[in-house]
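Visitor:
Protein chains: 2
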Amino acid sequence: MLPYYLMFQEEDHLAGLYAASTVVSYSKKEKILRSYAGYETLYIVKDGVVRSFYTDEKGVELTVNLLKPRAIFPLSGYLSGKENLYDFEAFTDTTLYKAPKEKVKKLIYKNATLSSYYLERFAQAIEGYVIRSRFLANGSATQKITSALLMLFRRFGKEVRGQMIINLPLTHQDIADLAGVTRETVSILLGMLKKEGIISTKGKYLTILNSDQLSLKASENDDGSLLNLSF
Amino acid sequence: MLPYYLMFQEEDHLAGLYAASTVVSYSKKEKILRSYAGYETLYIVKDGVVRSFYTDEKGVELTVNLLKPRAIFPLSGYLSGKENLYDFEAFTDTTLYKAPKEKVKKLIYKNATLSSYYLERFAQAIEGYVIRSRFLANGSATQKITSALLMLFRRFGKEVRGQMIINLPLTHQDIADLAGVTRETVSILLGMLKKEGIISTKGKYLTILNSDQLSLKASENDDGSLLNLSF
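These protein sequences, in sequence, are chains A and B. Residue 218 in UniProt numbering sits at position 218 of the first sequence, with consecutive numbering throughout. Residue 49 in UniProt numbering sits at position 49 of the second sequence, with consecutive numbering throughout.
1) Decide yes or no for the touch test of the region 143-161 of chain B against the region 171-190 of chain B: beta carbon pairs closer than 8 Å, at least 3 of them.
2) Have a look at residue 165 of chain B and residue 53 of chain A and give me their C-alpha separation to the nearest angstrom.
3) In the UniProt domain "Cyclic nucleotide-binding" (5-125) of chain A, which residue ranges form an unbroken alpha helix (DSSP H) of at least 4 residues, counting only runs that do not cross its ends?
4) Which residue comes first and which comes last in the beta strand (DSSP E) that contains residue 207 of chain A?
5) Considering only DSSP beta bridges, list what residue 201 of chain B is partnered with.
6) Starting from the Cα of residue 158 of chain B, find the closest Cα among B:116, B:206, B:107, B:43 and give me that residue.
7) Under 8 Å, CB to CB, which of the residues in the region 87-116 of chain A have a partner in chain B?
8) Drop a sphere of 10 angstroms on the beta-carbon of residue 17 of chain A, count the other beta-carbons inside from all chains shown, and report buried for 16 or more, exposed for fewer.
9) Compare the beta carbon distance of residue 46 of chain B and residue 97 of chain B with 7 Å and say whether it is the shorter of the two.
10) Can you tell me which of the three DSSP states residue 184 of chain A falls into?
11) Which class does residue 162 of chain A belong to by DSSP, given the choice of helix, strand or coil?
12) Can you list the residues of chain E that residue 194 of chain A reaches, using a CB-CB cut of under 7 Å?
13) When we look at the beta-carbon of residue 90 of chain A and count the other beta-carbons within 10 Å, is it buried (16 or more) or exposed?
14) Going by Cα to Cα distance, which pick from B:134, B:68, B:163 is closest to residue 218 of chain B?
15) Pick out whichever of A:107, A:75, A:170, A:151 has its Cα sitting closest to the Cα of residue 127 of chain B.
16) Starting from residue 82 of chain A, find everything on chain B with Cβ-Cβ shorter than 9 Å and list it in chain order.
17) Is there a C-beta anywhere in chain A that falls below 7 Å from the one on residue 120 of chain B?
18) Note down, in chain order, each residue of its chain lying with its Cβ closer than 7 Å to the Cβ of residue 100 of chain B, except the 5 sequence neighbours on either side.
19) From this set, B:70, B:152, B:59, B:25, which residue's C-alpha is nearest residue 121 of chain B's C-alpha?
20) Anyone know if the C-beta pair for residue 87 of chain A and residue 28 of chain A falls short of 7 Å?
21) Would you identify the three-state DSSP class for residue 127 of chain A, choosing helix, strand or coil?
22) Can you tell me which residues form a DSSP beta bridge with residue 157 of chain B?
23) Helix, strand or coil, according to DSSP, for residue 211 of chain A in the structure here?
24) Strictly below 8 Å CB to CB, what residues from chain A border residue 77 of chain B?
25) Taking only beta-carbon atoms, is residue 186 of chain B less than 7 Å away from chain A?
26) Any beta carbon from chain A within less than 7 Å of residue 50 of chain B's own beta carbon?
27) Indicate whether at least one CB of chain A lies closer than 7 Å to the CB of residue 24 of chain B.
28) For residue 142 of chain A, name the three-state secondary structure that DSSP assigns.
29) Does the separation of the CB atoms of residue 198 of chain A and residue 213 of chain A fall below 7 Å?
30) Give a yes or no on whether the minimum CB-CB distance between residue 130 of chain A and chain B is below 7 Å.
31) Is any beta-carbon of chain B found at less than 7 Å from that of residue 181 of chain A?
32) Output needed for residue 34 of chain B: all residues of its chain with C-beta closer than 6 Å, excluding positions within five of it in sequence on either side, in chain order.
33) Buried or exposed for residue 15 of chain B, please, with buried defined as at least 16 other CB atoms from any protein chain shown within 10 angstroms of its CB.
34) Which residue from A:202, A:181, A:215 puts its Cα closest to that of residue 63 of chain A?
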């Protein structure tokens, strides 16, 4: 799927942990872990995608992250000594490993390859969150949606017969939850992007036809000035 | 100052790096590294505090982070393979170590203690950014400012004669840059917090007299409902 998949092809440092873990399955939309509920185990994504989100006081959900295979949750919360602040649910049908949290921590901390690997993932997450908070704080709806599409593309992009698709089934509501806008706004904007030949859709799958144009839309402010952000 | 200061008191794994580094000094407000400028060295904070920020198209600055001793920058950008997106400047008079970026990376990746240490710092940063993006996206001005004060308190808090002060000189503009609101709004709110006996100020230093009340204000929405966030 993505580079980090390949990194571990020959030597899987998580193998010892997998062997000592329980495998559990969840159906799409099923709740895995609720915010502020205690937990004794960490979850490692084996197959599928897990969504973390919170629900604001108006009942609006904001997707915090979409977790891919090898992601461990709630890892940053655990390592920073905080409560788990989010709900986690299966975004697609999902299989997870479960292992005692102390055991996972020890394994990561002892193994330089593993700790460097998660250090890079955390570094990417930090950069992503900072960019995202910039859009959430100040961006136009167009910027919020196009930047969400670019992030999905970066994380779930896959070349299929010469075309770049986002390899994840997505409803308009899913995109709205990520971008922090309404579903209606997403529908209108996706329609415009299709007309302009920037994206195309097939069922729940989205193809990026012109990523340069999409980047430009994410960067362009209402007054025509540009945000100098590299995706 | 804070726990991570003490962690390394007896055995400093960064010592080898310090020895191979150049020491450079910057005066308060002096620019250290500009966004999108190339860099061949990473900076390690020796003494003082460094501010990272970006300036939006309207010329408004938003503080991304305040970096304390032992922080390395722009580390998460470098480890995630991205350009440096922010400006860095001396927030107080500051002394920094400079060392080749590849050398810093090798040292961190080889040394399990160091990589675990930065893993925990990154984990804390991620949790902080997620909470922050929540306030930036949806919070009231009161929530933005009180949550900024709570974060400053968590990171720069120090007990002095039985009182908890934020051990960092702060202007109203500094707090505004962190909270993403105007200086005027900060001045009004700090006045209210003083009247209510929640904080007191002495010059540029702020004392938290009632952290429970401050947390409550950060959590309380306009309609009286509560955000369930733990600081």
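Ideal placement from N, C-alpha and C gives every residue a C-beta, glycine not left out. All values derive from a computational prediction rather than experimental measurement.
Guide: If we stick to the structure as given:
1) yes
2) Here residue 165 of chain B is taken as the residue at index 165 of the second sequence, counted from 1. Here residue 53 of chain A is taken as the residue at index 53 of the first sequence, counted from 1. Between residue 165 of chain B and residue 53 of chain A, the C-alpha separation is close to 34 Å.
3) 15-19, 75-79, 101-110
4) Reading the first sequence from its first residue, position 207 is the one you call residue 207 of chain A. First-last of the beta strand (DSSP E) with residue 207 of chain A: 205-208.
5) Residue 201 of chain B sits at position 201 when you count from the first residue of the second sequence. Looking at the DSSP assignment, residue 201 of chain B forms a beta bridge with B:206.
6) Taking the second sequence and counting its residues from 1, the one referred to as residue 158 of chain B is at position 158. Of the candidates B:116, B:206, B:107, B:43, the one whose C-alpha sits nearest the C-alpha of residue 158 of chain B is B:206.
7) 108, 109, 110, 111, 112, 115, 116
8) Taking the first residue of the first sequence as position 1, residue 17 of chain A is located at position 17. Of the other Cβ atoms in all chains shown, 16 or more fall within 10 Å of the Cβ of residue 17 of chain A; this residue is therefore buried.
9) As a first step, residue 46 of chain B must be located in the second sequence, where it is residue number 46. As a first step, residue 97 of chain B must be located in the second sequence, where it is residue number 97. In this structure, residue 97 of chain B lies closer than 7 Å to residue 46 of chain B by Cβ.
10) Translated into the one-based positions of the first sequence, residue 184 of chain A becomes position 184. Three-state DSSP puts residue 184 of chain A in a helix.
11) Counted from its first residue, the first sequence places residue 162 of chain A at position 162. Residue 162 of chain A falls in the coil class under three-state DSSP.
12) Among the protein chains in the structure shown, which are A and B, there is no chain E.
13) Start at 1 with the first residue of the first sequence, and residue 90 of chain A comes out as number 90. By the neighbour-count rule (16 or more Cβ atoms within 10 Å), residue 90 of chain A is buried.
14) Here residue 218 of chain B refers to the residue found at position 218 when the second sequence is read from its first residue. Looking at the Cα atoms, B:134 is the closest of the given residues.
15) Translated into the one-based positions of the second sequence, residue 127 of chain B becomes position 127. Closest option to residue 127 of chain B, Cα to Cα, is A:75.
16) Here residue 82 of chain A refers to the residue found at position 82 when the first sequence is read from its first residue. Simply 123, 124, 127, 230.
17) Counted from its first residue, the second sequence places residue 120 of chain B at position 120. So, interface residue.
18) Counting from 1 along the second sequence, the entry for residue 100 of chain B is found at position 100. The residues are 40, 41.
19) On the second sequence, position 121 is the one that residue 121 of chain B refers to. Comparing Cα positions, the closest option is B:70.
20) Taking the first sequence and counting its residues from 1, one reaches residue 87 of chain A at position 87. Taking the first sequence and counting its residues from 1, one reaches residue 28 of chain A at position 28. Taking 7 Å as the Cβ cut-off, residue 87 of chain A and residue 28 of chain A do not qualify as a contacting pair.
21) Stepping through the first sequence from its first residue, residue 127 of chain A is reached at position 127. Correct three-state label for residue 127 of chain A: helix.
22) Sequence index remark: in the second sequence, residue 157 of chain B carries index 157 (1-based). Answer is B:166.
23) Residue numbering aside, residue 211 of chain A sits at position 211 when the first sequence is read from its first letter. In this structure, residue 211 of chain A counts as helix in the three-state DSSP scheme.
24) Along the second sequence, read from residue 1 onward, the residue named residue 77 of chain B stands at position 77. Chain A residues near residue 77 of chain B: 123, 127.
25) Translated into the one-based positions of the second sequence, residue 186 of chain B becomes position 186. No, residue 186 of chain B lies away from the interface with chain A (no Cβ there is under 7 Å from its Cβ).
26) Residue mapping note: residue 50 of chain B aligns to position 50 of the second sequence, counting from 1. So, not an interface residue.
27) By one-based count along the second sequence, residue 24 of chain B stands at place 24. Under the Cβ criterion of 7 Å, residue 24 of chain B is not counted among the residues facing chain A.
28) Residue numbering aside, residue 142 of chain A sits at position 142 when the first sequence is read from its first letter. In the structure shown, residue 142 of chain A sits in a helix (DSSP, three-state: H, G or I).
29) What you label residue 198 of chain A is simply residue 198 of the first sequence in a count that begins at 1. What you label residue 213 of chain A is simply residue 213 of the first sequence in a count that begins at 1. Taking 7 Å as the Cβ cut-off, residue 198 of chain A and residue 213 of chain A qualify as a contacting pair.
30) Taking the first residue of the first sequence as position 1, residue 130 of chain A is located at position 130. Yes, residue 130 of chain A counts as interfacial toward chain B.
31) For the purposes of this step, residue 181 of chain A is taken as the residue at position 181 of the first sequence. No, no contact with chain B.
32) Counted from its first residue, the second sequence places residue 34 of chain B at position 34. Contacts found: 87.
33) Looking up residue 15 of chain B in the second sequence gives position 15. Exposed, since its Cβ has fewer than 16 Cβ neighbours within 10 Å.
34) Here residue 63 of chain A refers to the residue found at position 63 of the first sequence. It is A:181 whose Cα lies nearest to the Cα of residue 63 of chain A.
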